[in-house]
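So for the sequence shown, this note's numbering puts the first residue at 107; every next one is plus one.
Ideal Cβ placement from N, Cα and C applies to all residues, glycine included.
Keep in mind it's a predicted model, so treat the numbers as computed, not measured.
Reading through the structure tokens given below for one structure.
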Amino acid sequence: MLELSSVTLCCLDTANPELALRALRCSVSGIRFARTLFLTDRAYDAPGIDVRVVAPLESREAYSAFVLKTLVEHIDTAHVLLIQWDGYVINPAAWRTEFLTCDYIGAKWFWHTTPENGLQEAMRVGNGGFSLRSRKLLVALQDPRIELAGPEDETICRVFRPLLEREHGIVFGSEALADAFAFEVAYPIGKPFGFHGLFNFCRVVPPDEIVELTRLFTPEIARSPQLLQLGRNCMAMGQWRAAAAIFQR
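Pasting the structure below:
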């Protein structure tokens with residue numbers, strides 16, 4: 107059993123609570139966190155999970171605003187592993203203690219190739235959907251100069267990264283460490299600790315389970331380009347029953 111006594115596992119979700127609870131349960135398999143926290147808009151009887159009721163999040167912008175400015179109120183450990191219903195721990199054995207030297211680490215955004223503002227790095231470490239963040243970072247985000255500028259991960263990892271590094275001493279993980287931590291839109295390198303993205307379920311979820319999960323997909327998920335891509339990926343991998351269930355949604 108991996109002991110992460112300084113890390114809170116957290117999921118914030120008021121749209122897909124059953125899927126979010128599944129992601130939390132998957133993430134605690136083989137890991138003992140300081141606390142497992144579910145922030146949602148209704149009470150749940152979920153053994154081993156601390157459920158806190160928050161106001162419904164009506165949009166992605168509302169989610170980002172909460173993470174940017176309010177999440178700090180719910181975290182009292184040195185780090186928080188923030189997950190989403192479609193991104194969670196898949197390889198506990200891939201954990202590295204070096205992850206805890208970072209104030210922020212998430213999967214690499216490979217499409218950013220040109221350094222901005224004369225910086226040496228392209229600022230490609232991001233992906234808030236499965237990310238490890240320090241409480242130091244959450245406190246630094248209370249700086250009144252830091253305001254939401256698009257998705258919260260873009261705001262933190264690109265728009266205000268220079269300020270966070272320069273004035274708050276925030277440390278972002280290296281790209282190499284990010285590859286060991288998680289994958290999203292790029293193929294995984296080795297066996298990362300976690301992943302993010304519905305379109306990756308074909309790589310981490312058994313096909314029969316994907317079939318069962320489609321019954322929990324909301325109309326919004328059913329209409330999403332991510333689910334369409336998952337269906338295509340399942341076909342490419344010969345997971346025909348899973349693909350059929352997806353396209354029937």
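Contact belief for residue i with residue j at Cβ below 8 Å, rounded distance in angstroms
i: His180; j: Leu143; result: 6 Å
i: Asp259; j: Gly296; result: Contact doesn't hold; Cβ gap of about 23 Å is too wide.
i: Val277; j: Thr207; result: 7 Å
Enclosing beta strand (DSSP E) for residue i [first to last residue]
i: Ser112; result: Leu108 to Leu118
i: Arg141; result: Ile137 to Thr146
i: His185; result: His185 to Ile189
i: Asp156; result: Asp156 to Val159
i: Ile211; result: Tyr210 to Gly212
i: Leu238; result: Ser237 to Ser240
Pair within 9 Å by beta-carbon distance, residue i and residue j
i: Leu174; j: Thr261; result: yes
i: Gly279; j: Ile327; result: no
i: Arg251; j: Leu238; result: no
i: Val291; j: Gly275; result: no
i: Asp209; j: Ala246; result: yes
i: Ser170; j: Leu115; result: no
i: Val356; j: Ala348; result: The first residue shown for the chain is 107 and the last is 355, placing residue 356 beyond what the model contains.
i: Arg241; j: Asp156; result: no
i: Phe205; j: Phe287; result: yes
i: Leu336; j: Asn306; result: yes
i: Phe139; j: Gly193; result: no
i: Ala200; j: Pro298; result: yes
i: Pro312; j: Cys340; result: no
i: Leu127; j: Pro198; result: no
Opening and closing residue of the alpha helix (DSSP H) in which residue i lies
i: Asp285; result: Glu281 to Phe287
i: Gly337; result: Pro331 to Ala342
i: Leu322; result: Segment: none, Leu322 is in no alpha helix (DSSP H) and carries neither H nor E.
i: Lys175; result: Arg166 to Lys175
i: Glu384; result: No statement about residue 384 is possible, as the shown extent of the chain runs from 107 to 355 and does not include it.
i: Ala351; result: Trp346 to Phe353
Residues near residue i in its chain [Cβ-Cβ closer than 7 Å; skip 5 each side]
i: Thr320; result: Ala351, Ile352 and Arg355
i: Phe266; result: Ile252
i: Ser133; result: Leu115, Ile189, Tyr194 and Val195
Neighbour flag for residue i against chain D, beta carbons, 9 Å
i: Asn197; result: Going by chain labels, chain D is absent from the structure shown, which holds only one protein chain.
Rounded separation between residue i and residue j - CA only
i: Met229; j: Gln190; result: 22 Å
i: Leu177; j: Cys263; result: 17 Å
i: Pro325; j: Ser135; result: 29 Å
i: Ile196; j: Gly300; result: 5 Å
i: Ala152; j: Thr146; result: 12 Å
i: Ala149; j: Val159; result: 6 Å
i: Ala168; j: Gly344; result: 38 Å
i: Leu365; j: Arg202; result: Nothing in the structure corresponds to residue 365, since the chain is present only between 107 and 355.
i: Asn154; j: Cys117; result: As written in the sequence, residue 154 is Gly, which differs from the Asn given in the question. Each residue's Cα considered, the two are about 14 Å apart.
i: Gly256; j: Glu271; result: 20 Å
i: Leu130; j: Ser111; result: 16 Å
i: Asp249; j: Arg141; result: 27 Å
i: Leu334; j: Pro294; result: 20 Å
i: Phe172; j: Thr120; result: 12 Å
i: Ile137; j: Ala184; result: 17 Å
i: Glu273; j: Trp346; result: 52 Å
Spatial neighbours of residue i in its chain, beta-carbon cut-off 6 Å, leaving aside the 5 residues before and after
i: Gly232; result: Gly212, Trp215, Asp259 and Cys263
i: Pro123; result: Thr146
i: Gln332; result: Leu304 and Phe305
i: Leu322; result: Glu124 and Leu125
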